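Following full-length UniProt numbering, the numbering of the sequence shown begins with 1 at its first residue and continues without gaps.
All C-beta atoms, glycine included, are put in the ideal place defined by N, C-alpha and C.
Owing to the predicted nature of the structure, the values given are computational and were not obtained by experimental measurement.
Okay, so here's the structure we're looking at.
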Amino acid sequence: MFSFERNNPPVLRNINVQIPAGKIIGLTGTVGSGKSTFLKLLMRIAEPTAGMIYINGHSIKQLDLKTYRGLFSYVPQEPSLFSETIYNNITLGIDADENRVRQIIEICQLDEFIKSCPDGLNTMVGERGLRLSGGEKQRIAIARALMRNAPIFIFDDATSNLDAKTEIGLMEKIIKHTDKTIIIVSHRLSILSLCDYIYVLDKGSIMEQGTPKGLLKRKGLFWRLYQYQLMEDI
Numbered sequence: 001m002f003s004f005e006r007n008n009p010p011v012l013r014n015i016n017v018q019i020p021a022g023k024i025i026g027l028t029g030t031v032g033s034g035k036s037t038f039l040k041l042l043m044r045i046a047e048p049t050a051g052m053i054y055i056n057g058h059s060i061k062q063l064d065l066k067t068y069r070g071l072f073s074y075v076p077q078e079p080s081l082f083s084e085t086i087y088n089n090i091t092l093g094i095d096a097d098e099n100r101v102r103q104i105i106e107i108c109q110l111d112e113f114i115k116s117c118p119d120g121l122n123t124m125v126g127e128r129g130l131r132l133s134g135g136e137k138q139r140i141a142i143a144r145a146l147m148r149n150a151p152i153f154i155f156d157d158a159t160s161n162l163d164a165k166t167e168i169g170l171m172e173k174i175i176k177h178t179d180k181t182i183i184i185v186s187h188r189l190s191i192l193s194l195c196d197y198i199y200v201l202d203k204g205s206i207m208e209q210g211t212p213k214g215l216l217k218r219k220g221l222f223w224r225l226y227q228y229q230l231m232e233d234i
């Protein structure tokens, strides 16, 4: 359970989530359902008002905060890039193998974009360089997360500026080339179809959970969100 003030109603309640290692877990729900708060608790940006979070059977409070947060590679919807080269934005000082950098660039579908840049990987971006689109920023941020290679990837609407075909293709490549745990938070139900298991939040509680196909067959909240999205895309 979590609430921002002691006497306020809880923002999250009765949350029981299991995230097996190496699986792809989806998190979706209505606007204001508690998805962002869930991530804050998971990454220890906030602490639960009640209840515990465990990893490998141990309370996360037993781990040093820096060590624990190092388990995650987090990509937000609106990532920040440095006024640096594309290469330095991806590697962030890591002594990276050139072949690994090239592989990540290909996975993130950045190869054609980088070829079009005046200085390739050495092109400056940010305030002092080339201005990037939202989708280009997101793909560079995802490449940075892959370079960090933490045990758990969290993509928090991290592909929202990409078209559906590019989004699915990118995520399929990531899944193919990694055995890490992946958490996908998205309002786009198409990308959630790649998940092994999905949790659906509404008003701070888990209303549904299951496989993508199972949730659609149930014709509950997940199905209604899917139908609403289909209507929006017409």
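Query: May I have the straight-line CA-CA distance separating residue 235 from Lys217, to the nearest angstrom?; Result: Outside the displayed range of the chain (1 to 234) lies residue 235, so it cannot be described from this structure.
Query: Helix, strand or coil for Val200? Go by DSSP, reduced to three states.; Result: strand
Query: Quick check: Ile94 and Val125, are their CB atoms within less than 8 angstroms of each other?; Result: no
Query: What does the Cβ neighbour count give for Ile45, buried or exposed, with the cut at 16 atoms within 10 Å?; Result: exposed
Query: Considering only residues of the same chain and omitting the five flanking positions on each side of Ala143, which have a CB-CB separation below 7 angstroms?; Result: Ile90, Ile104, Ile105, Cys108 and Leu110
Query: Would Gly34 be called buried (16 or more neighbouring beta carbons within 10 Å of its own) or exposed?; Result: buried
Query: Assuming Arg13 and Ser205 form a contact by the criterion Cβ under 8 angstroms, report the distance between their Cβ atoms to the nearest whole angstrom.; Result: 6 angstroms
Query: Straight-line CA distance for Lys137 to Arg102?; Result: 17 angstroms
Query: Please work out which residues of its chain come closer than 6 angstroms, Cβ to Cβ, to Tyr74, disregarding the five sequence neighbours upstream and downstream, and give them in chain order.; Result: Ile154
Query: Assuming the contact rule is C-beta atoms closer than 8 angstroms, Leu170 and Thr159 should be a hit. Round their C-beta distance to whole Å, please.; Result: 6 angstroms
Query: By Cβ distance below 6 angstroms, which residues in the same chain neighbour Gln229 in space, the five residues on each side in sequence not counted?; Result: Leu189
Query: Could you check if Thr37 is buried or exposed, using at least 16 other CB atoms within 10 Å of its CB as the buried criterion?; Result: buried
Query: Could you check whether Ile191 and Ile184 sit closer than 8 angstroms to each other, using their CB atoms as the reference points?; Result: yes
Query: Kindly indicate which three-state DSSP category Phe2 falls into: helix, strand or coil?; Result: Because Phe2 carries a pLDDT of 43, less than 50, the predicted location of this residue cannot be relied on, and the following value inherits that uncertainty. DSSP places Phe2 in strand when its eight states are reduced to three.
Query: Answer yes or no: do Asp156 and Leu39 have a C-beta to C-beta separation smaller than 8 angstroms?; Result: yes
Query: Which of helix, strand or coil does DSSP assign to Asp156?; Result: strand
Query: Here's a check: name, in chain order, each residue in its chain whose Cβ is nearer than 7 angstroms to the Cβ of Gly129, leaving out the five neighbours to either side.; Result: Ser83 and Thr123
Query: Which residue spans inside the segment 59 to 117 form an unbroken alpha helix (DSSP H) run of at least 4?; Result: 65 to 69, 86 to 91, 98 to 107 and 111 to 116
Query: Gly134: which of Gly51, Asp196, Pro79 and Asn16 sits nearest, CA to CA?; Result: Pro79
Query: Under the DSSP definition of a beta bridge, which residues are partnered with Val185?; Result: Leu27 and Asp156
Query: When the Cα atoms are used, what is the spatial distance from Glu167 to Arg131?; Result: 21 angstroms
Query: Inspect the beta-carbon positions of Pro212 and Lys180 and report whether they are closer than 8 angstroms.; Result: no
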